[in-house]
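These protein sequence lines map, in sequence, to chains E and Y.
Under the working numbering, the residue at position 232 of the first sequence is numbered 232, and the numbers go up by one with no gaps.
To convert a position in the second sequence, counted from 1, into the working numbering, add 1000.
Backbone N, C-alpha and C fix where the C-beta goes; we use that ideal spot for every residue, glycine too.
Protein chains: 2
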Amino acid sequence: MIIDKLYESVKDKGLVCVGLDTSYDYVPGWIMNSSSNLEDAILEYNYRIIDATYDAAACFKVQIAYYEAMGTAGISAYKKTLDYLKSKNCIVIADIKRGDIAKTAEMYAKAHFTGDFECDFITLNPYMGKDSIEPYMGYVKNKEKGLFVLAKTSNKGSKDFQYLKTDDGDKVYKKVIDMLKNLGMDCMGKYGYSSVGAVVGCTELEEAENIINELQNVFLLIPGYGAQGGGALNVAPLIRNNNGGIVNSSRAVLLNYRKYEDGEKRFDYYAREEVLRMRDEFNNMKFIRP
Amino acid sequence: MIIDKLYESVKDKGLVCVGLDTSYDYVPGWIMNSSSNLEDAILEYNYRIIDATYDAAACFKVQIAYYEAMGTAGISAYKKTLDYLKSKNCIVIADIKRGDIAKTAEMYAKAHFTGDFECDFITLNPYMGKDSIEPYMGYVKNKEKGLFVLAKTSNKGSKDFQYLKTDDGDKVYKKVIDMLKNLGMDCMGKYGYSSVGAVVGCTELEEAENIINELQNVFLLIPGYGAQGGGALNVAPLIRNNNGGIVNSSRAVLLNYRKYEDGEKRFDYYAREEVLRMRDEFNNMKFIRP
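Here is the structure:
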């Protein structure tokens, strides 16, 4: 089960997931100038960030939107970034947030669990229901693949639909978590977590505390730390004994260099510094998830 | 407003939206054999389908999942298919069902409303809330672009979350439609519809009848006809005076040729036959949407 590999990686390397949301304007001028085109510049930047952080991060999350925005050249850079991560034996989460059904969902599964864009985990959107998740389960059960499905996200708008109270008193996101627990029963790993994880943001401390008792076997991908306002205090309720989740940071890692006068030249060094700082911060947390 | 262009296209050409969900195994053997690679075969197939149907279809919906499944070559075929549709002055809906927030959503907007993958409309998933739709609104208001946001889809699993009853008695999808009507007020076209449309499936007749009074200015992208089991009787409640919506058909159009002995050779002719048959069927409907 891929979730066991992720659990072990967290155990070895800590809770940090580095988000490669690489916007072209994050790339220092000297790399832009020494590259023959945008794709090469993005790749040079990504490779150096990966080299500087992969021994200190549990995994990497690549946000495909940033690459789609650069058209076919961006998609090529996306593929090559995944290839590089795989060559370094990194665990790769493709943050694609796809959501569709039937044959279309099978196509997304094929797209991101095989071939050019193959990765270990994908993120999915549950709005279309259980039959928008099931087409991926064959890969999860038999091909060492995993899912992180959006449940309670970290943005302001998460309240618009995810927090709606249903007529039996549960919120919508709670119903999503119930579905994920159900699907996860068929793909439990040896450390007590299934390969069907959930995206649960750390920006609403009170909400987090309301659901920690419900999370049991659910491994969490936790957004919202750093740029979005969540701190370690908000992360703590979602983590169990230094494991059971990963905390994503993208901009705070990628742009840490901008705080320093010599930052541009040493952007990869400063990315690493931020990963180490986060990791230490998390190591000193008190965990309350039962 | 792009929605006016779509309204006029429906008025001229009828209610059919041709779905280019082109799976490689739909392509007749003789095209496969005469093409030098899969990308060329897909393109030859798509170009012929487009040539045969564009005068009889209001618009085309290209399902990106099928192209993503073929890796970087598929993405190139996707781009070239969009280019061809634009060269024929067709209205193009990119069925991408993306859903993300903030800068990531801006990246998706840039990806699909400019550059290599530019189209007229995109489909979006609302699960993350209003701030997962707002980043596209600048393009909608100022750049002649439009949205179709998932509200009530046509699959079985649509009941899992979309149909959940909230504590004020409304279903979740009704809350989504309320949001879309609200966003649409800033981008109303001259025919009474806004450029923020909704995806509302035609598989649940009773549900459709419950919401027709709520749809007012909302233009509909209607899936579920044909292969998914919806018939013209199910479409009728969602259409107002032969307009106000488009009915997608993918497989029933693309694979109509398989019903005929000479189908492979004349797959494009039979695709057109199915489009004409649907169009006539819709023209004879009795509309009940007020």
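### Query
If you draw a straight line from the alpha carbon of E:P126 to that of Y:V1275, how long is it in whole angstroms?
Reading the first sequence from its first residue, position 126 is the one you call residue 126 of chain E. Reading the second sequence from its first residue, position 275 is the one you call residue 1275 of chain Y. Their backbone Cα atoms lie some 32 Å apart in a straight line.
### Task
Decide if the stretch 258–274 of chain E is in contact with the stretch 114–125 of chain E; the criterion is three or more beta carbon pairs, one per stretch, under 8 Å apart.
no
### Query
Going by the CB atoms, is the gap between Y:L1180 and Y:K1171 shorter than 8 Å?
Looking up residue 1171 of chain Y in the second sequence gives position 171. Looking up residue 1180 of chain Y in the second sequence gives position 180. It is not a contact, given that the beta carbons lie outside the stated cut-off.
### Query
Can you name the residues that DSSP bridges to Y:C1017?
The count along the second sequence starts at 1 and reaches residue 1017 of chain Y at position 17. Y:C1017 is bridged to Y:C1059, Y:N1248.
### Task
List the residues of chain E that Y:Q1063 touches, going by C-beta distances under 7 Å, in chain order.
For the purposes of this step, residue 1063 of chain Y is taken as residue 63 along the second sequence, with counting starting at 1. Under the 7 Å cutoff, chain E gives T104.
### CB contact flag (E:L220, E:L238, <8 Å)
Along the first sequence, read from residue 1 onward, the residue named residue 220 of chain E stands at position 220. Along the first sequence, read from residue 1 onward, the residue named residue 238 of chain E stands at position 238. Yes.
### Task
May I ask which residues mark the beginning and end of the beta strand (DSSP E) holding Y:K1152?
Translated into positions along the second sequence, residue 1152 of chain Y becomes position 152. Y:K1152: member of the beta strand (DSSP E) spanning 1146–1152, first to last residue.
### Message
Is the separation between the beta-carbon of Y:M1137 and that of Y:D1100 shorter than 8 Å?
### Response
The residue you call residue 1137 of chain Y lines up with position 137 of the second sequence. The residue you call residue 1100 of chain Y lines up with position 100 of the second sequence. Taking 8 Å as the Cβ cut-off, Y:M1137 and Y:D1100 do not qualify as a contacting pair.
### Task
Output yes or no for whether 8 Å exceeds the beta carbon distance between E:G230 and E:C202.
Reading the first sequence from its first residue, position 230 is the one you call residue 230 of chain E. Reading the first sequence from its first residue, position 202 is the one you call residue 202 of chain E. Cβ distance < 8 Å, so E:G230 and E:C202 count as in contact.
### Message
Using only CA atoms, which one of E:Y78, E:A57, E:L124, E:G192 lies nearest to E:Y66?
### Response
Mapped onto the first sequence, residue 66 of chain E falls at position 66. Checked all of E:Y78, E:A57, E:L124, E:G192; the closest Cα to E:Y66 is E:Y78.
### Query
Closest by CA to E:N248, which one among E:N37, E:P28, E:V62?
Your numbering for residue 248 of chain E matches position 248 in the first sequence. Of the listed residues, the one whose Cα sits closest to E:N248 is E:V62.
### Query
Roughly how many angstroms separate the alpha carbons of Y:R1279 and E:V196, rounded to a whole number?
Working through the second sequence from its first residue, we reach residue 1279 of chain Y at position 279. Working through the first sequence from its first residue, we reach residue 196 of chain E at position 196. When rounded, the distance between both Cα atoms is 43 Å.
### Task
Could you confirm whether any beta carbon from chain E is found closer than 8 Å to the beta carbon of Y:R1258?
In the second sequence, residue 1258 of chain Y corresponds to position 258, counting from 1. Chain E, which has no Cβ nearer than 8 Å to the Cβ of Y:R1258, makes this no.
### Query
If we cut at 8 Å on Cβ distances, does E:L183 have a partner in chain Y?
On the first sequence, residue 183 of chain E is found 183 positions in, with the first residue counted as 1. With respect to chain Y, the C-beta atom of E:L183 has no partner C-beta closer than 8 Å.
### Message
What does the Cβ neighbour count give for E:D167, buried or exposed, with the cut at 16 atoms within 10 Å?
### Response
Taking the first sequence and counting its residues from 1, one reaches residue 167 of chain E at position 167. E:D167 sits exposed, since fewer than 16 C-beta atoms from the chains shown fall within 10 Å of its C-beta.
### Cα-Cα separation between Y:A1105 and Y:G1245, rounded to whole angstroms
Taking the first residue of the second sequence as position 1, residue 1105 of chain Y is located at position 105. Taking the first residue of the second sequence as position 1, residue 1245 of chain Y is located at position 245. C-alpha separation (whole angstroms): 26 Å.
### Task
Less than 8 Å between the CB atoms is what I'm expecting for E:M70 and Y:E1068, so what's the real figure, rounded?
As a first step, residue 70 of chain E must be located in the first sequence, where it is residue number 70. As a first step, residue 1068 of chain Y must be located in the second sequence, where it is residue number 68. Between E:M70 and Y:E1068, the beta carbon gap of about 16 Å keeps them out of contact (Cβ cut-off 8 Å).
### Query
Taking just the CA atoms, how far does Y:A1236 sit from Y:M1285?
Here the question's residue 1285 of chain Y lines up with position 285 in the second sequence. Here the question's residue 1236 of chain Y lines up with position 236 in the second sequence. For Y:M1285 and Y:A1236, the distance between alpha carbons rounds to 6 Å.
### Query
Where does the unbroken alpha helix (DSSP H) through E:G74 begin, and where does it stop?
Residue mapping note: residue 74 of chain E aligns to position 74 of the first sequence, counting from 1. Element bounds for E:G74: 71–87.
### Query
Using CA coordinates, which residue listed in Y:K1097, Y:M1188, Y:V1018, Y:E1206 is at the minimum distance from Y:L1254?
Counted from its first residue, the second sequence places residue 1254 of chain Y at position 254. Ranking the options by Cα distance to Y:L1254, first place goes to Y:V1018.
### Message
Taking the beta strand (DSSP E) that E:L124 belongs to, which residues open and close that run?
### Response
Start at 1 with the first residue of the first sequence, and residue 124 of chain E comes out as number 124. E:L124 -> beta strand (DSSP E) spans 121–124.
### Task
Check Y:S1132 in the structure and name its three-state DSSP category.
Stepping through the second sequence from its first residue, residue 1132 of chain Y is reached at position 132. In this structure, Y:S1132 counts as helix in the three-state DSSP scheme.
### Query
Using the rule of at least 16 other Cβ atoms within 10 Å of the residue's Cβ for burial, across every protein chain shown, is E:R258 buried or exposed?
Numbered from 1 along the first sequence, position 258 holds the residue referred to as residue 258 of chain E. Exposed: under 16 other Cβ atoms inside 10 Å.
### Message
So the candidates are E:K174, E:N242, E:P135, E:K13; which of them puts its Cα closest to the Cα of E:E209?
### Response
Residue mapping note: residue 209 of chain E aligns to position 209 of the first sequence, counting from 1. Looking at the Cα atoms, E:K174 is the closest of the given residues.
### Message
Suppose only complete runs of 4+ residues qualify. What are the alpha helix (DSSP H) ranges in the stretch 182–262 of chain E, listed by chain order?
### Response
Within the stretch 182–262 of chain E, the complete alpha helix (DSSP H) runs of at least 4 residues are 205–211, 232–235, 251–254.
### Message
How far does the beta strand (DSSP E) with Y:K1165 in it extend, from its first residue to its last?
### Response
Position 165 of the second sequence, counted from the first residue, corresponds to residue 1165 of chain Y. Here Y:K1165 belongs to no beta strand (DSSP E), and DSSP marks it neither H nor E.
### Environment of E:G169 [buried if 16+ CB atoms lie within 10 Å]
Here residue 169 of chain E refers to the residue found at position 169 of the first sequence. Exposed: under 16 other Cβ atoms inside 10 Å.
### Task
Measure the CB-CB distance between E:I91 and E:S35 and report whether it falls below 8 Å.
Along the first sequence, read from residue 1 onward, the residue named residue 91 of chain E stands at position 91. Along the first sequence, read from residue 1 onward, the residue named residue 35 of chain E stands at position 35. Their beta carbons are not under 8 Å apart, which means E:I91 does not touch E:S35 by this criterion.
### Task
Can you give me the start and stop residues for the alpha helix (DSSP H) that E:I49 sits inside?
Taking the first residue of the first sequence as 1, we reach residue 49 of chain E at position 49. That run of the alpha helix (DSSP H) goes 38–53.
#### Entry: Environment of E:L43 [buried if 16+ CB atoms lie within 10 Å]
Taking the first residue of the first sequence as 1, we reach residue 43 of chain E at position 43. Buried, by the Cβ-count rule.
### Message
Mapping the DSSP letters down to three states, classify Y:D1100 as helix, strand or coil.
### Response
In the second sequence, counting from the first residue as 1, residue 1100 of chain Y sits at position 100. Correct three-state label for Y:D1100: coil.
### Message
Within the continuous alpha helix (DSSP H) that includes E:F287, where are the two ends?
### Response
Residue numbering aside, residue 287 of chain E sits at position 287 when the first sequence is read from its first letter. Premise fails: E:F287 is in no alpha helix (DSSP H) and is neither H nor E.
### Simplified DSSP assignment, three categories, for Y:E1265
The sequence position of residue 1265 of chain Y within the second sequence is 265, counting from 1. One detail in the question is off: residue 1265 of chain Y reads as Lys in this sequence, not Glu. When secondary structure is reduced to three states using DSSP, Y:K1265 falls in the coil class, being assigned neither helix nor strand.
### Query
What are the boundary residues of the alpha helix (DSSP H) that E:I91 is part of?
Indexing the first sequence from 1 puts residue 91 of chain E at position 91. No alpha helix (DSSP H) contains E:I91, which DSSP labels as neither H nor E.
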